[in-house]
Amino acid sequence: MALEGPNVVLNSADTESENPMTSTQEAPAMITTALTGERADILETLTAHRQFLRHTVQGLTDDEARQRTTASELTLGGLIKHVAEIEKGWVDFIVDGPEAMGGGVDWSEPSPELIESFKAGFQLLPDETLEGVLARYDEVARRTDELVATVDLDLSHPLPEAPWFPKGAHRSARRAFLHIVAETAQHAGHADIIRESLDGQKTMG
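Counting in this note's numbering, the sequence shown runs from 720 upward without gaps.
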């Protein structure tokens, strides 16, 4: 895999005016200096949407993070868990290609085990904690941020066969990162509605 990019320095992403996290739920360090152009744009945008998502679970207990507050089955803890795994999946795709995203799975006839695994990916299970899924999200985010700074953004792989991907399509690292941004932003909006329905707290406003 071709690597390129400037030297990078790890700095805290947190500022009093921009970061909505409490001291117990701080976002991980992010790569900030020596990045310019689209790399900086990707990283700054992704970091902002991660912070919006994390803000929706500020001060919650595990039980509150599991609570449904709308007609949807989505919960705050489940969304954090899901977004972390989606981000990891696309980064694995950038590094290892389509097999990292379940290439070879017959999605036309998914097994009961596969269906249950998919559902569990949206749930904060009884043996999981909000603190644990946030720590997992931090770990995933650090790896992504390092890759944004170094990978050849034109590096491309074929997408695995799946009903939701165009047949025969490819995705570059650049497109994969943009997909992560879009996924994070979409679910941050979902999470904001769930949290406001829980106790009235909003990300902004």
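Note that beta-carbon positions come from the ideal geometry of N, C-alpha and C, so glycine has one too.
Near residue i, which residues of its chain fall below 8 Å by C-beta distance, leaving aside the five closest residues on each side in sequence?
i: alanine 888; result: Pro877 and Leu878
i: leucine 853; result: Gln744, Arg773, Val776 and Ile799
i: glutamine 905; result: none
i: histidine 898; result: Trp809 and Arg890
i: phenylalanine 884; result: Leu878
i: lysine 886; result: Glu880
Taking residue i as the reference, give the member of the options with the closest Cα.
i: leucine 754; options: Thr869, Ala892, Ala901 and Arg914; result: Thr869
i: alanine 759; options: Gln770, Ser836 and Val867; result: Val867
i: aspartate 933; options: Val814, Glu804, Lys886 and Thr788; result: This structure cannot settle anything about residue 933, because the visible part of the chain is limited to 720 through 924.
i: glutamate 865; options: Glu828, Val814, Leu779 and Leu793; result: Val814
i: tyrosine 856; options: Ile805, Glu792 and His909; result: Ile805
i: alanine 819; options: Leu843, Pro829, Glu880 and Ser830; result: Glu880
i: valine 767; options: Ala860, Glu828 and Gly821; result: Contrary to the premise, residue 767 reads as alanine rather than valine in this sequence. Comparing Cα-Cα distances from alanine 767 to each of Ala860, Glu828 and Gly821, the minimum goes to Ala860.
i: proline 882; options: Glu792, Ser827 and Pro817; result: Ser827
Note down the Cα distance separating residue i from residue j, rounded to an integer number of angstroms.
i: glutamate 847; j: glutamate 858; result: 16 Å
i: arginine 862; j: leucine 833; result: 27 Å
i: arginine 894; j: glutamate 757; result: 12 Å
i: arginine 914; j: aspartate 781; result: 13 Å
i: lysine 807; j: leucine 872; result: 17 Å
i: valine 810; j: threonine 764; result: 17 Å
i: proline 845; j: glycine 797; result: 12 Å
i: leucine 849; j: threonine 794; result: 11 Å
i: serine 916; j: glutamate 902; result: 21 Å
i: proline 831; j: glycine 821; result: 16 Å
i: histidine 909; j: leucine 843; result: 16 Å
Let me check one thing: in DSSP terms, what residues is residue i bridge-paired to?
i: serine 875; result: Ser891
Please classify residue i: is it buried, with 16 or more other beta-carbons within 10 angstroms of its beta-carbon, or exposed?
i: alanine 790; result: exposed
i: glutamine 927; result: Here the chain comprises residues numbered 720 to 924, so residue 927 is not present and cannot be evaluated.
i: alanine 803; result: buried
i: phenylalanine 837; result: exposed
i: glutamine 770; result: buried
i: alanine 784; result: buried
i: alanine 907; result: buried
i: alanine 839; result: exposed
i: threonine 741; result: For threonine 741, the pLDDT reaches just 40, beneath the cut-off of 50, and the residue's location in the model is therefore unreliable, although a value from the coordinates is still provided. Exposed is the call here.
Going along the chain, which residues of its own chain have a beta-carbon closer than 6 Å to the beta-carbon of residue i, five neighbours each way excluded?
i: methionine 923; result: none
i: phenylalanine 841; result: Gly797 and His801
i: valine 900; result: Thr764 and Leu765
i: isoleucine 761; result: Val867 and Phe896
Using C-beta distances below 7 Å, list every residue in its chain close to residue i, excluding the 5 sequence neighbours before and after it, in chain order.
i: leucine 779; result: Leu795 and Leu849
i: glutamine 786; result: Thr794 and Leu917
i: glycine 816; result: His876
Regarding residue i and the ligand NAP, is the C-beta to nearest heavy atom distance less than 7 Å?
i: glutamate 804; result: Although the ligand NAP was asked about, the structure shown includes no ligands whatsoever.
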